[in-house]
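Colleague: Following this message is one structure expressed as structure tokens.
Residue numbers (my numbering): 28 to 99.
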């Protein structure tokens, strides 16, 4: 097992990685798996081709939601 000198580390993951993990946990365990944050909070806005997914607020809210998911 690797020994880490820092108490925290970070990695880059896509939403689809969390979606895959959630599916695997649901399939292979008997625990209740928490929901993921919604895929896009701004789909209701008209005439947006990117659904607002590149806005800093959206990214930060999704990051926080995924962090809550992974730490439950």
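Glycine included, each C-beta is placed from N, C-alpha and C at the ideal position.
So is residue 71 buried or exposed if we call it buried at 16+ other beta carbons inside 10 Å?
Modeller: Within the chain shown, the letter at position 44 stands for residue 71. No answer about residue 71 holds up, because its pLDDT of 47 lies below 50 and its placement is not dependable.
Colleague: Consult DSSP for residue 85 and reduce its assignment to one of helix, strand or coil.
Modeller: Here residue 85 refers to the residue found at position 58 when the chain shown is read from its first residue. Looking at residue 85 - three-state DSSP - the assignment turns out to be helix.
Colleague: On the DSSP letters alone, give me the boundaries of the alpha helix (DSSP H) that residue 11 sits inside.
Modeller: Beyond the ends of the chain as shown, which are 28 and 99, falls residue 11; an answer cannot be given.
Colleague: Measure how close the beta-carbons of residue 96 and residue 63 come, nearest whole angstrom, since I'm counting them as under 8 Å.
Modeller: Reading the chain shown from its first residue, position 69 is the one you call residue 96. Reading the chain shown from its first residue, position 36 is the one you call residue 63. At roughly 6 Å, the Cβ-Cβ gap stays under 8 Å, so residue 96 and residue 63 are in contact.
Colleague: Given a cut-off of 8 Å, decide if residue 99 and residue 61 are closer than it, judged by their beta-carbon atoms.
Modeller: For the purposes of this step, residue 61 is identified with residue 34 of the chain shown, where counting begins at 1. For the purposes of this step, residue 99 is identified with residue 72 of the chain shown, where counting begins at 1. A contact, by the Cβ cut-off of 8 Å.
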